[in-house]
Amino acid sequence: MIIVEEMFVSQPPDILLEIPLLYVRRAPVAVKMIPREADDMEAVRFIMDYVNKGLPPGLSDLQNPSKVDKSTWALRRTPEGHLALKANMCVLEKSLLLAMETKKTLCGSFDGPACFIYGKQSAFNVSLDEENIKKCFPNAILIGVEGAKHTVHSDKPRQFVEAVLNFLMGNKPPKNRL
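Counting in the working numbering, the sequence shown runs from 18 upward without gaps.
Below is the structure:
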């Protein structure tokens, strides 16, 4: 059994691979411009505004700062009192560039129960990959969550948990008869 959130089986469109790269490149610049007196949420909003301004038309405002996982925007205070990103953006950038250069080829399949949960308002539009998902996961179901973007679990936590629980309850393993 497998449950995934917002995941393609095939290679996503190039523009969607470029968005995380844009964040990795713009966030460190934004952090240096955050007012010293800003609290953590103000800092996150500042970074997101700066990153969103660099997104291509039609892809702005991908995230709402009030719903972002803290790990996504993990900040720390330097000894001088300035905010800094906890993540090593240079390493992340290299990793993303390597991933963009590596083209996926579809091979093999998983015949067990599979659940692909995605946000219906996500720019990633996972439902467009349904044909490839079904090739690799013949028993897959796709569950689109209305009003959710890429981070379904934080955009619509109740609906996300309901989707997971309904899937699990509908795929109970048979009881051991020994």
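We put the beta carbon where it would ideally sit given N, CA and C, even for glycine. None of these values were measured; they are calculated from a predicted model.
Residue i vs residue j beta-carbon contact at 9 Å
i	j	result
residue 9	residue 48	The structure shown does not extend to residue 9, since the chain is modelled only from 18 to 195, so the question has no answer here.
residue 133	residue 159	yes
residue 180	residue 162	yes
Cβ-Cβ separation, residue j to residue i (assumed contact under 8 Å), whole Å
i	j	result
residue 44	residue 68	6 Å
residue 46	residue 149	Rounded, the Cβ-Cβ distance is 36 Å, inconsistent with contact.
residue 113	residue 41	6 Å
DSSP bridge partner residues for residue i (one or two, in chain order)
i	result
residue 161	135
residue 101	93
residue 21	133
Alpha carbon of residue i to alpha carbon of residue j, nearest angstrom
i	j	result
residue 183	residue 175	12 Å
residue 36	residue 110	11 Å
residue 177	residue 164	11 Å
residue 34	residue 53	32 Å
residue 124	residue 99	48 Å
residue 186	residue 18	12 Å
residue 121	residue 96	43 Å
residue 221	residue 20	Not covered by the structure: residue 221. The range shown for the chain is 18 to 195.
residue 65	residue 57	12 Å
residue 119	residue 30	13 Å
residue 71	residue 38	11 Å
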